[in-house]
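Notes to accompany the following structure.
Here you go:
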């Protein structure tokens, strides 16, 4: 015999609508009633129907996470905390990959019957947020933000981390500074470059354009860009990289060129991914609460779905310098 919500209601001594609200963790239901309903559901082996929920509420309780690709280690470390937080809130995570931000993104996301979307791939000139807004699809910027449409966001402030990192390399005596920055049309690259240049200026250091390369946030691209900088007549003695994945590529470039790290060149990443702390990597980097940011983004999209008229919210996470073995004083030349 199939157990229904009405069976749960009879056992718990409540109405059938109260069962539905209690199992959705609705704030209008008391904690005592929620407990009775959950115990009754567990005793009867009742499993709520997602299709029934969607019909009764007009929602699928599915939220999309849009990423560029699954090969980038950054995304692999945010999926799990987003999934856990959404599951705790009664929603399912639907992963979507996108190789380019174009006009069809919003249409394809809408076709999947999502209640909302976390955008982790937005460029500053992206039109996807415009299309989502026009379709009435709630969305939240995650890590990156767009400039064409304002929305809730969970982001990182790189200023403190770069200030401490620059203080450290200045104290060690570095004067030839290089950088492999991210794509110029991403808010992360723009904010990190601005914070880095401000910190360098405060210490009387300069980041010359000849010592800058801009590349996608990938290890292969990072290696190619770093190789160009390290092959120059006056190569930098320290390289700031747009993220840890780019820094992994820079480490490879140094190794291929027969250079020692940190003897010939110091390398600094950004994100403090778990692999950065592995003894074989031991990357000096700039970190922040990446798990907390993932949870915050999940909370924001659920809040936007359930309270569409709520004030816009931007949650900003502070950054900090994480010293490890890839930074040391420059060798005398």
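Residue numbers (this note's numbering): 22 to 354. Even for Gly, the Cβ is constructed at its ideal location relative to N, Cα and C.
- One Cα belongs to residue 82, the other to residue 111, and the distance between them is close to 7 Å.
- If the five residues before and after residue 337 are omitted, its C-beta is found closer than 6 Å to the C-beta atoms of 176 and 178, all from its own chain and listed in chain order.
- According to DSSP, residue pairing for residue 118 in a beta bridge involves 88.
- With fewer than three CB-CB distances shorter than 8 Å, the region 270-285 does not count as touching the region 216-229.
- Taking residue 228 as reference, the option from 128, 106, 316 and 195 with the minimal CA-CA separation is 195.
- Excluding sequence positions up to five before and after residue 348, its CB lies within less than 6 Å of the CB of 283, 287 and 305, all in the same chain and listed in chain order.
- Listed in chain order, the non-local C-beta contacts of residue 56 below 6 Å within the same chain number zero, local neighbours out to five positions each way being set aside.
- The alpha-carbon separation between residue 190 and residue 350 amounts to approximately 8 Å.
- Between residue 341 and residue 200, the C-beta gap is not smaller than 8 Å, which leaves the two residues out of contact.
- The region 313-328 makes no contact with the region 288-303, as fewer than three CB pairs between them are under 8 Å.
- Shown here, residue 320 sits in a helix according to DSSP, grouped into three states.
- Taken in chain order, the complete alpha helix (DSSP H) segments of 4 or more residues contained in the region 120-185 are 126-132 and 149-155.
- A Cβ-Cβ separation of about 7 Å places residue 139 in contact with residue 87 under the 8 Å criterion.
- Of the residues 95, 167 and 188, the one whose Cα lies closest to the Cα of residue 309 is 95.
- Under the rule that a run must span 4 or more residues, the alpha helix (DSSP H) segments found entirely inside the region 269-341 read 311-327.
- Taking all protein chains shown into account, residue 225 has fewer than 16 neighbouring C-beta atoms within 10 Å of its C-beta and is therefore exposed.
- Shown here for residue 46: same chain residues with a beta carbon closer than 8 Å to its own, the five before and five after excluded, namely 55, 110 and 111 in chain order.
- Comparing alpha-carbon positions, the option among 92, 50, 98 and 30 lying closest to residue 67 turns out to be 30.
- Per DSSP, reduced to three states, the secondary structure at residue 225 is coil, with no helix or strand assignment.
- Residue pairing of residue 201 in beta bridges, as defined by DSSP: 234 and 262.
- For residue 63, DSSP records no beta bridge to any residue.
- Judged by their CB atoms, residue 51 and residue 37 are not nearer to each other than the 8 Å cut-off.
- Take residue 61, set aside five residues on each side of it, and the residues of its chain with a beta-carbon closer than 6 Å to its own are 29, 32 and 33, in chain order.
- As DSSP reads the structure, residue 113 sits in a beta bridge with 83.
- In this structure, residue 137 keeps its C-beta atom at 8 Å or more from the C-beta atom of residue 210.
- Scanning 192, 143, 235 and 186 for the CA closest to the CA of residue 168 turns up 143.
- Secondary structure of residue 103 (DSSP, three-state): helix.
- Residue 29 carries a helical assignment under DSSP once its states are collapsed to helix, strand and coil.
- Under the three-state reduction of DSSP, residue 50 is assigned to coil, being neither helix nor strand.
- DSSP places residue 40 within a helical segment (H, G or I) once states are collapsed to three.
- The residues 115, 117, 130, 135 and 138, in chain order, have a CB closer than 6 Å to that of residue 85 in the same chain once the five nearest residues on each side in sequence are set aside.
- Just so you know, the alpha carbons of residue 271 and residue 332 end up roughly 42 Å apart.
- The C-alpha of residue 253 is placed about 22 Å away from the C-alpha of residue 214.
- Cα atoms of residue 329 and residue 163: separation of roughly 18 Å, rounded to the nearest angstrom.
- In the three-state scheme derived from DSSP, where H, G and I count as helix and E and B as strand, residue 343 is classed as strand.
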